[in-house]
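Some notes on the structure that comes next.
2 protein chains.
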Amino acid sequence: MKTSPDRVAQAAVLAMLIELSSTPKPGNVDRGHDFEEIKFHHFLISAVSAYPIFRDAAMGSEPTGALIRRAVSSWRGWGLSQNTHFGTVTLLVPLAVAAGRGGDLKVEVAGVLEETTVEDAVEFYASFAIAGARVAEVEALSLKDPHAADCVRSEGRTLLDLMRLSSGHDLVAREWSTGFKRSFELAETLARRVYDLGLNDGVVMTYLEALAHVPDSLVASKFGPKSAEEASRRAGSILGFEAGETLRLAGELDREFVEEDINPGSTADLIGAALFIALVGGSILRSEE
Amino acid sequence: MKTSPDRVAQAAVLAMLIELSSTPKPGNVDRGHDFEEIKFHHFLISAVSAYPIFRDAAMGSEPTGALIRRAVSSWRGWGLSQNTHFGTVTLLVPLAVAAGRGGDLKVEVAGVLEETTVEDAVEFYASFAIAGARVAEVEALSLKDPHAADCVRSEGRTLLDLMRLSSGHDLVAREWSTGFKRSFELAETLARRVYDLGLNDGVVMTYLEALAHVPDSLVASKFGPKSAEEASRRAGSILGFEAGETLRLAGELDREFVEEDINPGSTADLIGAALFIALVGGSILRSEE
């Protein structure tokens, strides 16, 4: 069944807001605490101001790269200069385009990624500059290289090609290069956890499991892969208890991560994508009608 | 200058979300706590799902009563049956219609209210039933009377007429019957407080001042006017200190109000309206461009 453009946009914005507000989510802004420079309401602004871009995405009227650039530009209109939702938007835009097409979401999103062009890649570089996003610095033509946009054009690389180049060290790029494999898996985990524990605790539990399972690439880009592995090990160490105890320990781990400036933001991006898939698919917050 | 329909919708949704998340807001759901039946994410859902209705309001394509009914119906689509934002929506819809017209907001909203018809009144009664809202029970033809819709038609009462009948005992109706006098005043207070204290603390301080100044009609409808006056006196008693101390005491008052089930929801509705006016007018979160 085809999902209306407004419903797709609502699913995308709700995914961002539910991810944001689920608490305690160790190391990320949530209902419990802000960061010094980035506050809860900054995430509200970036989520809400991207609404029309998700709606347009679902209408299929614009290329993916241009939509991502419009989304990261949109929040400037409400005075926001911080980078809040860049990674999440990079995941949600192709998912929103796919949801607007009406077929099987997994099949459709694979098609959306395959259709990306050199122009999408160039637009994505422009988005980077606007968002001031942080990524791991690894190979030539990595997403961070300022001269890469020229190379992209001369070498004819599409946005999907670029994502494949960065997939080894960036969780968001890895989702692009695998047809959102992990996001779809996490959406299934999420639906089960939400069914058992309710929305807030289900999201937190899924986040902890995701972080324990795969080291976070934003943490790796700040502190190196060893620190990212250690953060995942610590997340894993509070799993396996009764849910209430895990959530209590999550509060403690949150205080430790904030103290140490460990911010698993890429894992939060993936939870946003998983929430979108679950919302559009009706496995959480299903209408009673 | 005319505000685009999408920007009007964003201002409305952001007003609801910023009001919701400002903390500690004694007696209302905020970042600090949920209620047993109504949780933080329920307010996220009702805010986001009303986006297209605010956009349509700003486009001037539908009558005010029908828009209010659509707004309170919209959140059912995401499985929400609780009444969260009924009062706020009743204030924000005419403001959104007015903002879409492009003149002076105060003048335009007065016109929007004057233009309401008997059909708007009938639609509003339908909204009440959908939202399951609580209002004070006072005179005949009060907003709660189930037979009033028939009387409204036979007597030719407009929605503004109805609001005037309820303005003595309902803060939302009073805004309608005074051309949003207090909302505009609170928007000015809000801009000053946000300038001095930042967004979160400025909203909380404005909320406390509003509550101290006028007893809350939702509290009155639950516990009677004496209890509402007492709640306002207690809010007033924590003002006049240095801001940090007032905010600390607000945390204590919040715990007391929640314990006593004192929920000044009408005051929160007014803060939502004041936030919208300030956002659309650019006195808070102004774009740097």
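The listed protein sequences derive, respectively, from chains A and B.
For the first sequence, full-length UniProt numbering assigns the number 289 to the last residue and increments by one with no breaks.
For the second sequence, full-length UniProt numbering assigns the number 289 to the last residue and increments by one with no breaks.
Cβ coordinates follow ideal geometry from the N, Cα and C atoms, glycine included.
Sequence-distant residues of its chain with Cβ nearer than 8 Å to residue i (five each side left out)
i              : result
P225 (chain A) : P215
S232 (chain A) : L211, A212, H213, V214, P215 and D216
E114 (chain B) : L160
L249 (chain B) : I238 and F241
D196 (chain A) : G202 and A243
Host alpha helix (DSSP H) of residue i (start-end)
i              : result
N200 (chain B) : L199 to H213
S73 (chain A)  : T64 to S74
E37 (chain A)  : First-last for E37 (chain A): undefined, no H or E at that position.
A99 (chain B)  : F86 to R101
R255 (chain A) : A243 to E260
Q10 (chain A)  : P5 to S21
V109 (chain A) : L105 to E114
I277 (chain B) : G265 to G281
V172 (chain A) : L171 to S177
S61 (chain B)  : Here S61 (chain B) belongs to no alpha helix (DSSP H), and DSSP marks it neither H nor E.
V29 (chain B)  : From DSSP, V29 (chain B) is part of no alpha helix (DSSP H); its letter is neither H nor E.
L80 (chain A)  : Taken as a continuous stretch (DSSP letters only), L80 (chain A) belongs to no alpha helix (DSSP H), as it is neither H nor E.
K2 (chain B)   : Counting along the chain, K2 (chain B) falls outside any alpha helix (DSSP H), and DSSP gives it neither H nor E.
I130 (chain A) : V118 to A131
A220 (chain B) : S217 to F223
R286 (chain B) : Note, R286 (chain B): premise wrong, no alpha helix (DSSP H); not H, not E.
L160 (chain A) : L159 to S166
Rounded separation between residue i and residue j - CA only
i                     : j              : result
P24 (chain B)         : G111 (chain A) : 47 Å
L17 (chain A)         : N200 (chain A) : 11 Å
F35 (chain A)         : D120 (chain B) : 45 Å
L275 (chain B)        : G156 (chain A) : 48 Å
V48 (chain A)         : V89 (chain A)  : 12 Å
G168 (chain A)        : K222 (chain A) : 16 Å
E252 (chain B)        : P5 (chain A)   : 44 Å
F40 (chain B)         : N83 (chain A)  : 24 Å
L80 (chain B)         : S73 (chain B)  : 10 Å
L14 (chain A)         : I68 (chain B)  : 21 Å
residue 295 (chain A) : S21 (chain B)  : With chain A represented from 1 up to 289, any question about residue 295 (chain A) goes unanswered, as that position is not in the structure.
F43 (chain A)         : V258 (chain B) : 27 Å
L117 (chain B)        : A66 (chain B)  : Looking at the sequence shown, residue 117 (chain B) is not Leu but Thr. Approximately 11 Å, taken between the alpha carbons.
F128 (chain A)        : S227 (chain A) : 25 Å
L186 (chain B)        : R193 (chain B) : 10 Å
R234 (chain A)        : M163 (chain A) : 29 Å
S177 (chain B)        : E260 (chain A) : 54 Å
E175 (chain A)        : F184 (chain B) : 47 Å
A173 (chain B)        : R255 (chain A) : 45 Å
N263 (chain B)        : H147 (chain B) : 28 Å
G102 (chain B)        : E37 (chain A)  : 35 Å
L285 (chain A)        : R153 (chain A) : 43 Å
G77 (chain A)         : S287 (chain B) : 5 Å
V204 (chain B)        : A12 (chain A)  : 29 Å
N28 (chain A)         : D269 (chain A) : 11 Å
A278 (chain B)        : K2 (chain B)   : 15 Å
V109 (chain B)        : F180 (chain B) : 8 Å
S61 (chain B)         : L95 (chain B)  : 14 Å
V97 (chain B)         : R182 (chain A) : 43 Å
G282 (chain B)        : A58 (chain A)  : 30 Å
Interface partners of residue i on chain A, CB under 9 Å
i              : result
P225 (chain B) : Per Cβ cutoff of 9 Å: no residues; P225 (chain B) is ~34 Å from chain A at best.
R286 (chain B) : W78 and G79
L190 (chain B) : Within chain A, no residue comes near L190 (chain B); the closest Cβ sits about 14 Å away, beyond 9 Å.
Neighbour list for residue i in chain A, Cβ cutoff strictly below 8 Å
i              : result
S283 (chain B) : Correct list: empty, because the minimum Cβ distance to chain A is about 12 Å.
P52 (chain B)  : D6
Same chain, Cβ closer than 7 Å to residue i, neighbours up to 5 away in sequence not counted
i              : result
E209 (chain A) : T189 and L239
G236 (chain B) : A212
G272 (chain A) : A15, M16, E19, T88, L91 and L92
Own chain, CB closer than 6 Å to residue i, minus 5 neighbours either side, in chain order
i              : result
A9 (chain B)   : Y51, F54 and R55
Y207 (chain A) : K25 and I271
E139 (chain A) : Note on E139 (chain A): pLDDT 44, under 50, position unreliable in the model; the coordinate value appears next. Answer for E139 (chain A): no residue qualifies.
E123 (chain A) : G65, A66 and R69
T267 (chain A) : A210, L211 and D216
I45 (chain B)  : W75, W78 and L80
Contact list for residue i against chain A, beta-carbon separation under 7 Å
i             : result
S49 (chain B) : Q10
Partners in chain B for residue i, counting only beta-carbon separations shorter than 9 Å
i              : result
H85 (chain A)  : Residues of chain B passing the Cβ test: none, with the nearest at roughly 14 Å.
L199 (chain A) : K39 and H41
Under 8 Å from the C-beta of residue i: neighbouring residues of chain B
i             : result
L44 (chain A) : L14, L17, I18 and S21
- [ ] Taking only beta carbons into account, state which residues of the segment 10-35 of chain A come closer than 7 Å to chain B, listed in chain order.
- [x] Q10, V13, L14, L17, I18, S21 and R31
- [ ] Mind checking the segment 115-130 of chain A against chain B and listing, in chain order, the residues whose C-beta falls within less than 7 Å of any C-beta there?
- [x] none
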